[in-house]
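Residue numbers (the working numbering), protein chains in the order written: chain A, 697 to 1185; chain B, 697 to 1185.
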């Protein structure tokens, strides 16, 4: 028996899962009954505990994911910042969208308006499927957990098989902090194994699911959630190609800078970001292709785990073997473990003959460079894509390609101008989502403060006397919330 | 050939549907590009035209649905008010949830924050399935159409087979008004027949669906929407029992008034409201059952159409034939067409043995009265229900049954205190939705101004210069919108 197998958590059994789900279900009412500012304290406590545990957590993450120390330290900081930002959202309270309509006998609908008051309330237990590529920020204590807890829901976290020990360690820190801060028992638990995850998602006590991962895995879980006797919302982030379009004017103005920045973006984290720019449209004759051919690609870096290495090679070989795709530039060992980065090459004319065969997401250190011969091709090329997390234009203010931007805004959740999609900032206005297959719920985001909205549902109270109303809706506004009153904010 | 078959629209053919979908798809970009205040003018024009056409519309509705003139006139007013209220929502602009984060090099996440701006944008063409029981308010120009158009989406309306001529007439008025007001061709179209509706819902150009109707019909469409290669959101309102709980104190204080108001509510519109109180919990020994037994139930009234009459009798006979359910009071001819109203009777003890067999929605003039022997039964009874549109408590301020209210708020989208669920007001704080099977999307509402949110999706713009941003996000705020700026509203 090796050391690894000793400390690797075993798959959660059915009996263990039943205990977890029963505890989550029992925790839903008490957790939801805390004031938002009280739940904020839970999140702050979790952030503090995770920050304090960084020296323990980061080395385990490095060993399990092959990610470097600086990256993991930065990611942990992002993760704890996210918990703190949701605490701030709770203290602000506008996320509750509290609305009060006073009774109005003259309401112009033709019938008197009753006293109606509406507020967002927690959904109930949420099962969160952790991602492989962000062992902190999209994992045990990541954005889905933070937003679901902030909304007042117990979380059952299905750990990713790529970093089980880190998951167990993070879960222990998180659970300890929540318990010490006074959160109900059952507020958070971690489970292991595909079977436990599927079982949890189909359990009647679970009221929503979230996921970050592959199209095939995410679609299977989406289908499970939708085919339940009582379907539940499932917020899956699946796949994205993140096309980048360089206009002729931009290439002429600053082609070399754009080429260098593209190489840095597509190869960051060994290409294992959901926002990696997977397709790069450049004008023929601009010299950009030549600059890329001469670029020094980064050295080979080990991928997160064997499954990702295998999956990368499979898709890479499919793309590289495409009859209309050639190799632009690659490192010494593109097919080994670790694989050297590669840039593939095709033309717009070729892509337009069968676009989707060129657009498969390749999770790892490769991207496809597409030479176009006329800017008139950019709109049809943009139209040829499925739903995306991001789409980017590098242009100049004098030649703004407005129609291209309009099409990309229909295809993607985030559109960038003269910037790069990797490095997703956690902010109030962030949108990390997009039409299928980027996500299964394009009306939502999994990053940024709006992510809390996924795990809430509205309830209206009609005709209630003040003392029986939830605090958020009481006339005296004891929570001091921003509210809409009689249609005015 | 009869007069009816002459004026009854034929089922939409595949070729006709293709024209409709192509036009809707082509209209999406231009319709979405109008300023909200410009789309508001379209809605106002539609409301005016429908009001003006009332003398033509109402008689056709009376003939097709058997609903009385006063009801249909009132419903049409509600419908045009709804269009006007969404126009007001558009002029206010807060529905866009516009958010601006200025670039911040010191953002505490650990990396600089880029300039990020987020706004809600239209989804694209929406297919709306009209309901039978509100031939105006949940039909051609009803709430789903109004909110989808307000959001900037073309609408393909699948007419209900119960009022085809009224649908054609209303669609002609609506289309004419929209065209005259300058809306793009293809903004609205009506189609007929189950096949056309299913075909539209599975067409890749359609981006969302909405529905009001039965659990079986709604679930079939939900499954279609979820099983598309690209799943789309489907906002279905399916079924609800709308339980009402009378406390001992309330029964003692005003039992006779409550009994009379309950009879009026359950039998209103011949019991054909989605918010009809289908189960009425009363304390044994309070005299309420005796008051109901002595009540004069309304006369038999014809149901909306033959299918509803047949469906009513089928469920009614199933309930009336339940071994634990008896008859409390009924009119002369409960099984004929039209059927006399009936109140059925059981006890809490009996219901708790197999709750769901007592809780099937019976769409028509019947309800189940349940005698309970102890208020301790109320919470388990409330827990025994599936998701509901509404749940009601008749109580007194001195005996507030807080736990019951908490459970009901988890089960229902709207909780009422000393009021009745029928008569759904169109307001800012209304919530017409609830956990499955009340709806397929408990995070949304189909009535009230928040209904517009169903048909929007967020898009973030990163790093854009002012002149390339949508007006809603430009620094100068040319639309004068309420916005969140750097986290502050």
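Yeah, the Cβ is synthetic: ideal placement off N, Cα and C, and Gly gets one too.
Report yes if the C-beta distance between residue 974 of chain B and residue 845 of chain B is below 8 angstroms; otherwise report no. No; because the gap between Cβ atoms is not below 8 angstroms, this pair is not in contact.
Out of A:934, A:736, A:914, which one is the CA nearest neighbour of residue 879 of chain A? A:736 is the residue among A:934, A:736, A:914 whose C-alpha sits nearest the C-alpha of residue 879 of chain A.
Residue 949 of chain A: contacting residues in chain B (beta-carbon distance under 7 angstroms): Neighbours of residue 949 of chain A on chain B: none; closest Cβ ~15 angstroms, over 7 angstroms.
Give the straight-line distance between the Cα atoms of residue 1029 of chain A and residue 881 of chain A, rounded to the nearest whole angstrom. One C-alpha to the other measures close to 51 angstroms.
Taking Cβ positions, are residue 821 of chain B and residue 721 of chain B nearer each other than 8 angstroms? Going by C-beta atoms, residue 821 of chain B is nearer than 8 angstroms to residue 721 of chain B.
Tell me which same chain residues have a C-beta within less than 6 angstroms of the C-beta of residue 697 of chain A, skipping the five on either side of it? Low per-residue confidence applies at residue 697 of chain A: pLDDT is 34, beneath 50, and the placement is therefore not dependable, though the value from the model is reported in the following sentence. Cβ-Cβ distances below 6 angstroms link residue 697 of chain A to nothing in the same chain once the five nearest sequence neighbours on each side are left out.
Are there three or more Cβ pairs, one per stretch, closer than 8 angstroms when the stretch 1155-1166 of chain B is compared with the stretch 1117-1131 of chain A? As far as the Cβ criterion goes, the stretch 1155-1166 of chain B touches the stretch 1117-1131 of chain A, which means the pair count is three or higher.
Counting only Cβ-Cβ distances shorter than 8 angstroms, please list the residues of the stretch 1074-1102 of chain B near chain A, keeping chain order. From the stretch 1074-1102 of chain B, only 1082, 1083, 1093, 1096, 1098, 1101, 1102 have a Cβ closer than 8 angstroms to chain A.
N-terminal and C-terminal residue of the alpha helix (DSSP H) that residue 638 of chain A is part of: Outside the displayed span of chain A (697 to 1185) sits residue 638 of chain A, for which this structure offers no information.
Where does residue 841 of chain B land, buried or exposed, given buried means 16+ other C-beta within 10 angstroms? Around the C-beta of residue 841 of chain B, 16 or more other C-beta atoms lie within 10 Å, and the residue is accordingly described as buried.
Identify which residue in A:945, A:1160, A:1017, A:1061 has its Cα closest to the Cα of residue 1071 of chain A. The residue with the shortest Cα to Cα distance from residue 1071 of chain A is A:945.
Within the chosen definition, does the stretch 827-835 of chain A reach the stretch 793-802 of chain B through at least 3 CB pairs nearer than 8 angstroms? Contact annotation: the stretch 827-835 of chain A does not touch the stretch 793-802 of chain B, with fewer than three C-beta pairs closer than 8 angstroms.
Chain-ordered residues of the stretch 768-785 of chain A with a beta carbon less than 7 angstroms from chain B: Residues passing the 7 angstroms Cβ filter: 770, 773, 774, 777.
Under 8 angstroms between C-beta atoms, does residue 697 of chain B make it to chain A? Per-residue confidence for residue 697 of chain B stands at a pLDDT of 34, beneath the threshold of 50, marking its modelled position as unreliable; the derived number appears in the next sentence. Taking CB atoms only, residue 697 of chain B has no neighbour in chain A less than 8 angstroms away.
Proximity to residue 848 of chain B [Cα-Cα], best of B:956, B:903, B:909: For residue 848 of chain B, the nearest C-alpha among the options comes from B:903.
Are the C-beta of residue 797 of chain A and some C-beta of chain B separated by less than 8 angstroms? It does; some Cβ of chain B falls within 8 angstroms.
Which residue marks the beginning of the beta strand (DSSP E) containing residue 1150 of chain B, and which one marks its end? For residue 1150 of chain B, there is no enclosing beta strand (DSSP E), as DSSP marks it with neither H nor E.
Using 8 angstroms as the limit for Cβ to Cβ distance, is residue 840 of chain B near chain A? So no, residue 840 of chain B is outside the interface.
Residue 871 of chain A (DSSP reduced to helix, strand or coil): The DSSP-derived three-state label of residue 871 of chain A is helix.
Roughly how many angstroms separate the alpha carbons of residue 707 of chain B and residue 1024 of chain B, rounded to a whole number? Those two C-alpha atoms are separated by around 44 angstroms.
For the stretch 737-815 of chain A, list the beta strand (DSSP E) runs that are entirely contained and at least 3 residues long, ordered along the chain. Counting only runs of at least 3 residues, the stretch 737-815 of chain A fully encloses the following beta strand (DSSP E) elements, listed from N- to C-terminal order: 795-797.
Compute the distance between the beta-carbons of residue 941 of chain A and residue 1100 of chain A, then report whether it is under 8 angstroms. Residue 941 of chain A places its beta carbon less than 8 angstroms from that of residue 1100 of chain A.
Residue 888 of chain B touches chain A at which residues, Cβ-Cβ below 8 angstroms? Around residue 888 of chain B, no beta-carbon contact reaches into chain A at under 8 angstroms, the shortest distance being about 28 angstroms.
Taking 8 angstroms as the cut-off, decide whether the C-beta atoms of residue 807 of chain B and residue 836 of chain B are in contact. Contact annotation: residue 807 of chain B and residue 836 of chain B have beta-carbon atoms that are not nearer than 8 angstroms.
Cβ-based burial, residue 1032 of chain A [other Cβ within 10 Å; buried from 16]: The Cβ neighbour count for residue 1032 of chain A, taken over all protein chains shown within 10 Å, is under 16; the residue is labelled exposed.
Rounded straight-line distance, which links the Cα of residue 859 of chain A to that of residue 715 of chain B: When rounded, the distance between both Cα atoms is 53 angstroms.
Could you check how far apart the C-beta atoms of residue 955 of chain A and residue 984 of chain A are, in whole angstroms? I think they sit under 8 angstroms. At roughly 6 angstroms, the Cβ-Cβ gap stays under 8 angstroms, so residue 955 of chain A and residue 984 of chain A are in contact.
If you compare alpha carbons, which of A:995, A:1185, A:872, A:977 is closest to residue 745 of chain A? For residue 745 of chain A, the nearest C-alpha among the options comes from A:872.
Please list, in chain order, the chain A residues whose beta carbon lies closer than 8 angstroms to that of residue 913 of chain B. What residue 913 of chain B touches in chain A: nothing, since even the nearest Cβ is about 15 angstroms away.
Minimum Cβ-Cβ distance from residue 906 of chain A to chain B less than 8 angstroms: It does not: the Cβ of residue 906 of chain A has no partner Cβ on chain B nearer than 8 angstroms.
For residue 701 of chain B, which residues of its own chain have a beta-carbon under 6 angstroms away from its beta-carbon, when the five flanking residues on both sides are left out? For residue 701 of chain B, the predicted structure reports a pLDDT of 41, less than 50, and the residue's modelled location is therefore unreliable. A value from the coordinates is still provided. Excluding positions up to five away in sequence, the list is empty.
Where residue 697 of chain A sits in the DSSP three-state scheme: Confidence is the limiting factor: at residue 697 of chain A the pLDDT is only 34, short of 50, which leaves the residue's position unreliable, though a coordinate-based value still follows. If DSSP states are grouped into helix, strand and coil, residue 697 of chain A belongs with coil.
What number of angstroms, rounded off, separates the C-alpha of residue 1054 of chain A from the C-alpha of residue 1047 of chain A? Each residue's alpha carbon lies about 6 angstroms from the other.
With DSSP run on the structure shown, which of helix, strand or coil describes residue 942 of chain A? Annotated three-state conformation of residue 942 of chain A is strand, per DSSP.
Between residue 1178 of chain A and chain B, is the shortest Cβ-Cβ distance under 8 angstroms, so that the two count as touching? Judged by the 8 angstroms Cβ criterion, residue 1178 of chain A is in contact with chain B.
Span separating the alpha-carbon of residue 1168 of chain B from that of residue 729 of chain B: Their Cα atoms are separated by approximately 11 angstroms.
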